[in-house]
Each structure stands twice: as C-alpha cells, then as structure tokens.
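Student:
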Amino acid sequence: MKSIILLLCLISFAPFAAHAYKHRTEAEIAQMTPIQRVDEFIEEQTHHRYDVLDDQSALIIKHIRSDGLKAVPRITEITEEYDPTRSSGKRGHEGERFDAAWMLVSSLDNSVIRLRATEEGRRAIDALERSVVRMRAAGYEQKDQDDRKNHVRLEFAIRDLKDAKGINWRDTSIKHTFRIEYEIILSDAELLEFSNFLAANYPEYPSWSESKLIKDKTQINEAGNPLRLSILTKPERYYEVYSELKKQNENQSSRHSRQRG
C-alpha cells in the first residue's frame with residue numbers, strides 16, 4: 010500500500026517538476042549579470058531545447074552577445090564541469106548543459122569576437138579540448154554504443170573545437186561572399202590565412218556584418234536545387250582588410266626578392 014501511495018505521489022509531482030522552470034521577461038533578463046544570463050540560457054536549453062516554437066533562447070542570446078567576453082568565464086566553468094568518465098557526469102542534464110554552453114561559444118565566436126584571439130576565449134577553447142579527451146575516454150567515439158546521442162555530442166564538440174581554432178561559419182560566409190560579390194575564389198589555405206590575419210588584427214570582425222541566406226544558382230545539389238549559402242550583407246570592410254593583407258604579402262615578397270638579389 011505504501012508503494013502505491015509513493016508512486017501516486019511521484020506521478021502527481023512529475024508535471025509540476027517538469028514545468029518548474031519558467032521564462033523570464035526581457036526586462037528581467039536585461040537586469041541580470043552576465044553570469045546569470047549564461048545560467049538562464051543553460052536552464053532554457055535544458056528544459057525547452059526541442060520546442061521549435063519557443064524563441065526564448067534567441068532572446069537570451071541577444072543579451073549574451075552584448076555581454077561578449079564577460080560571459081565566457083562562466084561558459085568555461087560549465088564546460089569544465091562536464092565529465093562523462095564519472096557517474097556524476099552522466100546523471101541529470103550534465104550533457105545538455107555542456108551542449109548549451111558550447112552553443113553560446115559558437116554564437117559569440119561567429120557573431121561577436123574570435124575567441125582564439127583573447128585570453129578568455131583561449132581558456133574556453135582549452136576547456137573544450139579537455140572535454141573532448143574525457144568524452145573519448147568515456148567511449149563516446151564508438152559508433153555502435155547504445156546511446157547514439159553521446160556519439161553525436163562528441164562529433165559536434167570536435168567540429169566546434171576545429172571551428173574555434175580555425176575556419177568558422179563566419180569565415181565560410183566571407184568565402185562565399187567574395188566569390189559572389191568580388192569574383193575572388195579563396196582556397197582553404199588562403200581563407201585560413203585571412204582568418205588568422207583578421208583574428209590577430211581585428212578580433213571583433215565577426216560583428217562587422219549580419220548575414221543572409223541566398224540561393225546560388227551556379228551550384229546545384231544532388232536533388233537538382235540551387236545550394237543555399239550564407240553571405241554577408243555588408244562585405245565592404247572585409248574586402249578592405251583583404252586588400253590590406255594582399256598588399257602586406259606583396260611587400261614581403263618584394264623584400265625577399267631584393268634580399269635574394
């Protein structure tokens with residue numbers, strides 16, 4: 010009888026527990042500290058991640074982008090907390106919290122500032138690299154494991170780590186834009202050189218322009234439809250800096266030629 014009563018209590022409590030987290034208003038979010046906003050985003054993603062009609066995440070991210078680097082130390086802490094090699098790292102929503110933290114890192118790196126150009130950002134990237142090591146140690150690299158989502162989590166983390174260290178989504182948009190707007194075709198090596206030049210001299214370059222999706226009729230996918238590409242709405246400054254890099258390379262090449270002569 011006691012077991013039945015306990016079960017009924019748990020069932021009656023479940024809906025309440027599932028809905029314990031409630032959305033904050035934008036005014037409340039605006040009054041939060043950067044740390045509190047990061048925690049709020051983590052909670053939002055943990056509870057409403059798969060609700061496609063919920064735009065609360067975008068609202069919180071808008072304010073976190075304004076926080077910029079002030080949000081990164083807390084994101085790094087959450088990344089370091091995730092350790093699937095321990096039983097505590099596999100309980101509750103630890104994996105989802107980790108995923109949410111790196112959604113924020115990707116957002117900042119692609120739209121605000123290249124994190125590898127800053128001390129705070131490099132700490133976050135190092136934390137992600139350590140988390141990849143821990144996930145591999147936990148067996149997440151095995152495709153035949155029972156829990157497919159953990160393998161996908163590792164794949165995404167590896168992709169995010171590669172992007173943060175090199176060419177990210179913003180850089181790819183630059184490449185598409187240069188081809189379409191200026192008829193400049195950048196190789197991967199040239200794009201990485203340009204990305205490194207931007208990060209070293211203008212780390213805030215991801216914030217220079219918004220992007221938009223277009224249909225590129227010159228490239229057709231397997232279904233016979235034009236590819237959808239992300240291009241910059243304001244590419245002029247990127248082109249100016251690219252011209253600066255080309256001039257720098259030409260001057261260096263000229264000096265080397267004179268030295269050899």
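Note that my numbering has the sequence shown beginning at 10, numbered continuously upward.
In this text, a Cβ means the ideal position worked out from N, Cα and C, and glycines have one as well.
Give the secondary structure of residue 104 by DSSP, where H, G and I count as helix, E and B as strand, and everything else as coil.
Tutor: Residue 104 falls in the helix class under three-state DSSP.
Student: Can you find the residues in the same chain that come closer than 8 Å, C-beta to C-beta, to residue 131, ignoring five residues on each side of it along the sequence?
Tutor: Cβ within range, chain order: 124 and 125.
Student: Rounding to the nearest angstrom, what Cα-Cα distance links residue 113 and residue 63 in this structure?
Tutor: Roughly 17 Å separates the two Cα atoms.
Student: Do you know whose CA, among 201, 89 and 52, lies nearest residue 175's CA?
Tutor: Minimum Cα distance to residue 175 is reached at 201.
Student: Please name the residue, chosen from 133, 206 and 72, that lies closest to residue 198 on a Cα-to-Cα basis.
Tutor: Checked all of 133, 206 and 72; the closest Cα to residue 198 is 206.
Student: Excluding the five sequence neighbours on either side, which residues of its own chain have a C-beta within less than 7 Å of the C-beta of residue 182, listed in chain order?
Tutor: The residues are 220, 239, 240 and 241.
Student: Would you report the Cα separation of residue 161 and residue 37, rounded to the nearest angstrom?
Tutor: Cα to Cα, the separation comes out at about 34 Å.
Student: Going by DSSP in three states, residue 264 sits in which element: helix, strand or coil?
Tutor: Note: residue 264 maps to helix in three-state DSSP.
Student: Under a three-way DSSP split, which group does residue 93 fall into?
Tutor: Coil at residue 93, not helix or strand.
Student: Report the residue from 209, 158, 222 and 163 whose alpha carbon sits nearest the alpha carbon of residue 150.
Tutor: Of the listed residues, the one whose Cα sits closest to residue 150 is 163.
Student: Where does the unbroken beta strand (DSSP E) through residue 33 begin, and where does it stop?
Tutor: Taken as a continuous stretch (DSSP letters only), residue 33 belongs to no beta strand (DSSP E), as it is neither H nor E.
Student: What does a CB cutoff of less than 8 Å around residue 237 pick up in its chain, not counting 5 residues either side in sequence?
Tutor: Counting only Cβ-Cβ distances below 8 Å, and skipping sequence neighbours, we find 222, 223, 224 and 225.
Student: What's the C-alpha gap between residue 41 and residue 106?
Tutor: Straight-line Cα distance between these residues: approximately 19 Å.
Student: Would you please state the rounded distance, in angstroms, between the beta carbons of residue 78 and residue 111? I believe it to be under 8 Å.
Tutor: About 16 Å; that fails the 8 Å criterion.
Student: Report all residues from its chain with a CB closer than 8 Å to the CB of residue 209; omit the five preceding and five following residues, and keep chain order.
Tutor: 126.
Student: In angstroms with no decimal places, state the Cα-to-Cα distance between residue 142 and residue 235.
Tutor: Rounded to the nearest angstrom, the two C-alpha atoms are 39 Å apart.
Student: Return the CA-CA distance between residue 139 and residue 184, expressed in angstroms with no decimal places.
Tutor: The straight-line gap from Cα to Cα measures roughly 30 Å.
Student: Which residue comes first and which comes last in the alpha helix (DSSP H) that contains residue 212?
Tutor: Segment: none, residue 212 is in no alpha helix (DSSP H) and carries neither H nor E.
Student: Could you check whether residue 118 and residue 177 sit closer than 8 Å to each other, using their CB atoms as the reference points?
Tutor: Yes. Within cutoff.
Student: If you run the structure through DSSP and keep just helix, strand and coil, what is residue 174?
Tutor: Helix.
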